[in-house]
Amino acid sequence: MDTIRSFEQEALECLTALYEPSEAREIARQLLEEVRGCTRTQLLLLSKDTLLSRAECARLERMLHDLSAGTPLQYVLGYAYFAGYRLTVAPGVLIPRPETEELIELILQHPESRASQRLLDVGTGSGCIAYALTAALPEVKQSVALEVSSEAAPIAKANFEALRKSTGREVYLWKHDLFALLEEHTPPTPPLDLIVSNPPYIHPEEAEEMTPQVLLHEPHLALFAPEAVVNTIDHFKVINKRRLTLPDEIAEVFRCPNTNCASHGEPVKSRFYVRKQSGQTKLKCHYCEK
Numbered sequence: 000m001d002t003i004r005s006f007e008q009e010a011l012e013c014l015t016a017l018y019e020p021s022e023a024r025e026i027a028r029q030l031l032e033e034v035r036g037c038t039r040t041q042l043l044l045l046s047k048d049t050l051l052s053r054a055e056c057a058r059l060e061r062m063l064h065d066l067s068a069g070t071p072l073q074y075v076l077g078y079a080y081f082a083g084y085r086l087t088v089a090p091g092v093l094i095p096r097p098e099t100e101e102l103i104e105l106i107l108q109h110p111e112s113r114a115s116q117r118l119l120d121v122g123t124g125s126g127c128i129a130y131a132l133t134a135a136l137p138e139v140k141q142s143v144a145l146e147v148s149s150e151a152a153p154i155a156k157a158n159f160e161a162l163r164k165s166t167g168r169e170v171y172l173w174k175h176d177l178f179a180l181l182e183e184h185t186p187p188t189p190p191l192d193l194i195v196s197n198p199p200y201i202h203p204e205e206a207e208e209m210t211p212q213v214l215l216h217e218p219h220l221a222l223f224a225p226e227a228v229v230n231t232i233d234h235f236k237v238i239n240k241r242r243l244t245l246p247d248e249i250a251e252v253f254r255c256p257n258t259n260c261a262s263h264g265e266p267v268k269s270r271f272y273v274r275k276q277s278g279q280t281k282l283k284c285h286y287c288e289k
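Letter 233 of the sequence shown, counting from 1, is numbered 232 in numbering that gives the first Met the number 0, and no numbers are missing.
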């Protein structure tokens with residue numbers, strides 16, 4: 000492997016066992032862009048016979064080795080794009096999903112969100128939700144991200160520092176276990192305007208249905224719901240017991256009870272929300288409104 004052409008051929012051979020040919024070709028282009036520090040347009044303008052340096056070849060070989068072992072592309076690159084922002088990711092933190100971008104869109108579309116001044120992101124992981132909302136909501140004065148994982152917290156901190164440097168907006172990282180808060184006796188915080196979370200919601204029994212790239216490489220703490228948790232609304236019940244004021248609408252992950260729903264009973268992020276009506280919490284599906 001010493002030219003762009005030969006690398007693309009080798010990449011296709013290495014990756015087609017895990018990816019469709021078109022996806023393998025796209026990954027090869029992303030690796031070339033990263034290693035050569037060029038844009039897609041610049042890459043496409045290069046001759047396929049362009050020589051790669053020894054250092055570039057060595058780095059590309061390492062990347063292919065990791066990818067062929069099932070390591071997700073985002074971990075290999077060290078970053079992922081989320082809601083238009085480039086965020087640092089690494090093993091130990093859940094890779095931001097496109098479905099979570101829908102969660103951000105849903106929140107930003109809600110008229111009351113624009114006036115939010117204090118927000119809390121529960122289980123921030125990479126910090127993607129808190130990052131995107133803090134960057135997009137100009138009225139936010141205090142942004143807090145809660146995370147229990149010692150592996151994920153430093154990554155979130157790095158992303159929040161990048162946000163501060165680029166925009167001047169700050170997110171406070173709170174390393175703590177949400178459920179452990181019940182055992183503490185600290186004064187309640189002032190009311191929050193917006194509470195957001197993308198908590199673990201997969202049942203452990205569903206692990207056998209997951210792809211090896213996810214199951215073997217992404218953190219189980221962020222994927223699988225604790226056995227004691229019946230469903231992810233329990234996370235918000237804990238917040239409520241802590242006397243933190245729940246907002247009128249919270250994006251949620253849930254299984255629609257309607258067997259005729261277009262979601263087919265699958266857990267769909269941002270398609271469900273929690274609305275407080277007359278002091279009672281009610282789940283409502285965006286697909287069928289049941």
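We put the beta carbon where it would ideally sit given N, CA and C, even for glycine.
| query | result |
| --- | --- |
| Extent of the continuous beta strand (DSSP E) run through residue 79 | 78-81 |
| Collapsed DSSP secondary structure at residue 68 in the structure displayed | coil |
| Inter-residue spacing [alpha-carbon to alpha-carbon] between residue 0 and residue 159 | 39 Å |
| Cα-Cα separation, residue 327 to residue 44 | Only positions 0 to 289 of the chain appear in the structure, and residue 327 is not among them; the question remains open. |
| Residue 92 versus residue 99 - alpha carbon distance | 15 Å |
| Cβ separation of residue 3 and residue 87, assumed to be a contact under 8 Å, to the nearest whole Å | Not a contact, Cβ separation roughly 27 Å. |
| C-beta atoms of residue 33 and residue 76 nearer than 8 Å | yes |
| Euclidean distance between Cα positions of residue 146 and residue 68 | 29 Å |
| Span of the alpha helix (DSSP H), counted from its first residue to its last, around residue 34 | 20-35 |
| Residue nearest to residue 129 in terms of C-alpha spacing, selected from 53, 12, 73 and 196 | 196 |
| For residue 70, the nearest candidate out of 118, 26 and 117 (CA to CA) | 26 |
| Residue 131 versus residue 10: straight-line alpha-carbon distance, rounded | 33 Å |
| Identity of the residue in 72, 106, 120 and 58 nearest residue 170 by Cα | 120 |
| Proximity test, Cβ basis, 8 Å: residue 108 and chain D | No chain D appears in the structure shown, which is made up of a single protein chain. |
| 8 Å contact criterion, which residue 162 and residue 168 should meet: CB distance rounded | 6 Å |
| Same chain only: Cβ atoms within 6 Å of residue 13, ignoring 5 sequence neighbours per side | 63 and 67 |
| Separation of residue 198 from residue 122, as counted between CA atoms | 6 Å |
| Local conformation of residue 154 per DSSP, three classes | helix |
| Residue span of the alpha helix (DSSP H) that contains residue 50, given as start and end | Element bounds for residue 50: n/a, residue is neither H nor E. |
| Span of the beta strand (DSSP E) around residue 85 | 84-87 |
| Helix, strand or coil at residue 144 [DSSP, three-state] | strand |
| Buried or exposed (CB count within 10 angstroms, at least 16 for buried), residue 104 | exposed |
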